[in-house]
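For the sequence shown, this note's numbering assigns the number 46 to the initial residue and increments by one for each residue that follows.
C-beta atoms are modelled at their ideal positions from N, C-alpha and C, and glycine is treated no differently.
Written below as structure tokens is the structure these notes are about.
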Amino acid sequence: MDVARSTDGVQFKILGPIEVTSAEAPVRIPPGRQPVILGALLLEPNRVVSIDRLIDVVWDEKPPATARTQVQICVSALRQTFAGLGVDQPIETRAPGYLLRVADGQLDSQLFSRLLAEAAAAEREGLVEDAVVLLRKAVALWRGPALGGATGSVLGSAAVRLEEAKLTALETCIDLELRLGRHHLLIGELGSLVSEQPLRERLRGQLMLALYRSGRPAEALEVYRAGWRIMVDELGLEPGEELRNLEALILAEDHSLQVEAQDSPAHLQVRSPAGPHQLPADIVDFTGREELVAAAEAALLDGADPADRSPAMRVVLITGKAGIGKSALAVHVAHRLAQRRFLDGQLYCNLAGAHHEPVSAADALGRFLRALGILGSAIPDGLDERAEMYRSLMAGRQMLVVLDDVAAVREVMPLLPGSGSCAVIVTSRMRLTEIPGARLLDVGLLAADKAMELLGNVVGAQRVGNESTAAMALVRMVGGLPLALRIVAARLAARPHWSLASMVGRLADERRRLDELTHGDLMVRASLRLTYEGLEPRDALLFRMLGALTEGSFPTWAAAALLDDEPAVVAAQLERLVDMQLLDVIGPDLDGEPRYGLHAIIRLFAREELAERESTAVRAEAVERVLGGWLANAERARAELYGTEHTVLSGSARRWYPPGDAGVSAGASMRWLEAECVNLVAAVKQAADEGLAELAWDLAICLVTLFEVGGYGNEWELTHERALEAVRLAGNKRGEAAVLCSLSSLYLFRRRPAEALAMLEPALRQFEELGDVLGLATVRRNMAVGYKLQGDIDSAATNYTAAFDGFGELGDTVGQAYVLSRLGQISSERGDYQRATDQFGEALAMCRDAGSRRVEAQVLFRLGDNLMRQRRFEEADLVLGTVLDLVRDLDDLMGEGMVLHTLGLVRVRLGRRAEARQLMLAAIGVRERIMDHVGAARVRLDLAPLLADQGDQAGAIELAEHAASLFGQRRAAELESEARRLLATLTDSKLAR
């Protein structure tokens, strides 16, 4: 990017209030939208920022119709300001937006990053004193909160990232100064920092160390105890292992804490058990590639290039043709480095870039976030939000990410951690040179000597040595392609009575095919046919039928469904295919049984053989059995979670029930969903593609209860959209109504009642035409929820009553109990407490008769709320205590957070304030854990008056400020107003004292 004509003499500043200075004098930027737009342009200097992005920055999710015009007006005003300085205009119009030219040294955030990089390089070279000077210089650039304390969703997120970088730089600087023995000089600064950041454990540990080295161990231990109290009170968690270990060392007066024992601060880093380890198994007989392995390791480890002083994340891109061994090399390198450097864990995802439907970056991020401990219900829906959460979780961790089979740069960028402590390995058939800073490694054919070594590893070194000439001939004939060589070697290993010379003869007989080894996929096809023709007839049939499965791994029962046979019988066949290198073992299933997968090229070969040798009817019947197996297993899992007594909408699609215990293991329904989610979604897609509309909608709706519990909103939406297309194409009216009704539940789950009701109206008409009582009852129930969310209580009550009657006609007592508890809530809100009590009592009896503990917990919670409204707090306390036990037994974290909060309010009314405080702190901890920040802020709002009453005025004000700020960010106007009123009251009270 050309920056030569940038505004000489002008300085841009965002490390504090957004400022522009010229000739050391400030340039006035009128308050309002202009500094916001200027800040957005400065966050991406010398890069085009689209007008749509600027609109999001200014208005978040609700821009006015004139937003584009207003942005253009603001940019025009900024240009006039710069024109008045007598310098070249820095703002250029570049489709689809604007670019702000900034030269080197003109922007304080760029200078900050450069100083950090120089400090890191100085530290690596042992120049600790120089590194400290550079870091102090970098921190000194800050003039206040980044971007003037911006609070919008875009600038606010950027400000948080900048503030985190500043704190990390300061912590690193203090670490280095502690190594230099300056502990006496750091105590005052650290004390202030810990007061400002009481939950930041690294700062607290540094203060403890400085105090201990200064001969003040008692004060060091008191700093730890104070931190322990804060963390337990606010988060419900104890300090991390590093801090606990440091306390133990201080208590033991360990000499390693003294300055003279320091080689580096690394010895104080006590790691907790490592995080996710998702790498596929390494290849035991991995052969050759020494230079590539060494190059990859050098690029991924610190100091790979002595001239490179950047602390940026390191990326290695492995490219090459199909079957060349890219994935094997990536996994091998990853395993070698896992225990040497990346101790916090390893993430792996096959993005299936060469497939018809590759894994999206959003889906990959969803898997990674779950692996990093985020609950499904807390994972954002949008790609950008998922990427931000992912980068935040990866910051500071030493983790290795392997992205296998990538097709496009756009799929890679959101998956890059962004932290210099992490590294990434990417494999692709294409040279994705646009990946920033990637080291390209091109994988070629195996050298002859390495191919011979590989052949000996598989077949046996003595056997190869006895026929070295024939072995060399085999290597030449397969052209050094690892996949082809492994297939040939596997066939020889499976038949020890064959000579290598006989295999040479077989290959020679198919010279025309082997001549095509250098012509793309044909070389693989010829090698595969050699192995395929050596299969027993029934094994060959299974191999062909496996081509009917979708991409991804599959369990044994799925293969059994293809042949309509016993899983135990088919398992032996699968193992023979594994032995012949036609099938891979991906890993263990939930019950410890192996899962299998086909290489993408081998899958294509299997599909060709299937199309050539089997009729369309045979293939269709096999596919329907497999999809029916997924449906049967999904119903089994749903029944375990919700019981069999609850009537649900379902179709008449054919089920295939795996014999014995194959499929979902007892007590593992949610773990089964996690493991099979990709296959379940793929099954709905395949059913739709195959024209099996009844099966598509039947399975999609069956999965809703599982998606809802696991927080799989994207999968919920995707499966239903595909099923809806299928039923409409097939003219399946009941299926269409059922999918619309089920899809409305998703929008209600997301609190978007208008969209839900828009779907429910046509569903209602179709169910009425069909005379479907269950469909009508389900639609009426959902409509009632939608109207209630919109504040139309009368319409909600009418529809709940209609739903109650419908479920009663069907004998569905659990459905009736749920609806009746909702009617009881309405009665309670209207002040008709006795009627509400009667309704709750009747609903509770229904739940207990049916054995539905989940709905029982919901009914009891609403009963507790009804008792609170009547000021019967002792009774409410008993009921809510029972609910708390129930939701904990059910692992319902959302319910636990709600009950803890409400129970805390009850204890306040009972005068048990200490207990109330602990309950509310626990509620905050649970809600923060599931990323329900709005819910946590609501608890803080109720906790603040309690703290004030207990004399902790400062703590109360802090809680109210936190809640008001968050409600403002989330545009929750009513809650923000409530928080501001409370904050004003608390502040006035403090001043009055």
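With the cut-off set at 8 Å, would you say residue i and residue j are in Cβ contact?
| i | j | result |
| --- | --- | --- |
| Val378 | Ile470 | yes |
| Arg245 | Leu215 | no |
| Leu99 | Gly54 | no |
| Thr601 | Ala727 | no |
| Met358 | Pro462 | yes |
| Phe588 | Leu622 | yes |
| Thr692 | Leu908 | no |
| Ala416 | Pro262 | no |
| Ala967 | Val932 | no |
| Ala698 | Leu740 | yes |
| Glu479 | Ala406 | no |
| Arg914 | Tyr863 | no |
| Ala808 | Val824 | yes |
| Val102 | Gly201 | no |
| Ala603 | Leu619 | no |
| Ile96 | Val81 | no |
| Leu83 | Leu123 | yes |
| Phe918 | Val951 | yes |
| Arg683 | Leu751 | yes |
Which partner residues of residue i appear in the DSSP bridge assignment?
| i | result |
| --- | --- |
| Lys58 | Glu64 |
| Gly632 | Arg640 |
| Arg826 | BP columns for Arg826 are empty, so no partner. |
| Gln391 | His322, Leu445 |
| Ser787 | Answer by DSSP bridge pairing: none, since Ser787 is not bridged. |
| Val486 | Residue 486 is actually Leu in this sequence, not Val. Answer is Ile363. |
| Ile136 | Leu145 |
Does DSSP put residue i in a helix, a strand or coil?
| i | result |
| --- | --- |
| Leu1031 | helix |
| His322 | strand |
| Pro600 | coil |
| Met590 | helix |
| Gly348 | Here Gly348 scores only 40 on pLDDT, less than 50, and its place in the model should not be relied on; the value that follows carries that caveat. Gly348 falls in the coil class under three-state DSSP. |
| Ala397 | coil |
| Pro71 | strand |
| Ile470 | strand |
| Tyr702 | coil |
| Asp877 | coil |
| Glu1019 | helix |
| Ser95 | strand |
| Tyr757 | coil |
| Glu512 | coil |
| Met152 | The displayed chain sequence assigns Leu, not Met, to residue 152. Strand at Leu152. |
| Glu246 | helix |
| Ser544 | coil |
| Ala195 | coil |
| Lys107 | coil |
| Asp47 | Because the pLDDT at Asp47 is just 38, under 50, the model does not fix this residue reliably, and the value given afterwards should be weighed accordingly. Coil at Asp47, not helix or strand. |
| Leu655 | helix |
| Met358 | coil |
| Gln884 | helix |
| Leu945 | helix |
| Val693 | coil |
For residue i, which option in the options has the closest C-alpha, if you only look at C-alpha atoms?
| i | options | result |
| --- | --- | --- |
| Glu264 | Asp278, Ala842, Gly236, Asn290 | Gly236 |
| Gly150 | Pro135, Val93, Phe57 | Phe57 |
| Gly370 | Gly926, Ile82, Leu923, Leu530 | Leu530 |
| Val663 | Ile647, Gly592, Gln618 | Gly592 |
| Arg476 | Val488, Ala468, Arg436, Leu1027 | Val488 |
| Leu763 | Ile746, Leu410, Val116, Gly637 | Ile746 |
| Gly758 | Ile424, Gly129, His542, Ala210 | Ile424 |
| Leu324 | Gly853, Met434, Pro527, Asn395 | Asn395 |
Can we say the stretch 369 to 376 touches the stretch 451 to 468, given the rule of at least three CB pairs closer than 8 Å? With the cut-off at 8 Å, the stretch 369 to 376 and the stretch 451 to 468 do not touch.
So, does the stretch 151 to 158 touch the stretch 104 to 111, judging by three or more C-beta pairs under 8 Å? The stretch 151 to 158 vs the stretch 104 to 111: no contact.
Touching or not, the stretch 436 to 445 and the stretch 330 to 343, by the rule of three or more beta carbon pairs under 8 Å? Taking a cut-off of 8 Å on C-beta distances, the stretch 436 to 445 does not touch the stretch 330 to 343, as fewer than three cross pairs fall below it.
For the 8 Å Cβ check, are there 3 or more pairs between the stretch 74 to 82 and the stretch 167 to 175? Not touching, per the Cβ criterion.
Is it the case that the stretch 856 to 875 contacts the stretch 815 to 831, given that we only count it when at least three CB pairs across the two stretches are under 8 Å? Contact annotation: the stretch 815 to 831 touches the stretch 856 to 875, with at least three C-beta pairs closer than 8 Å.
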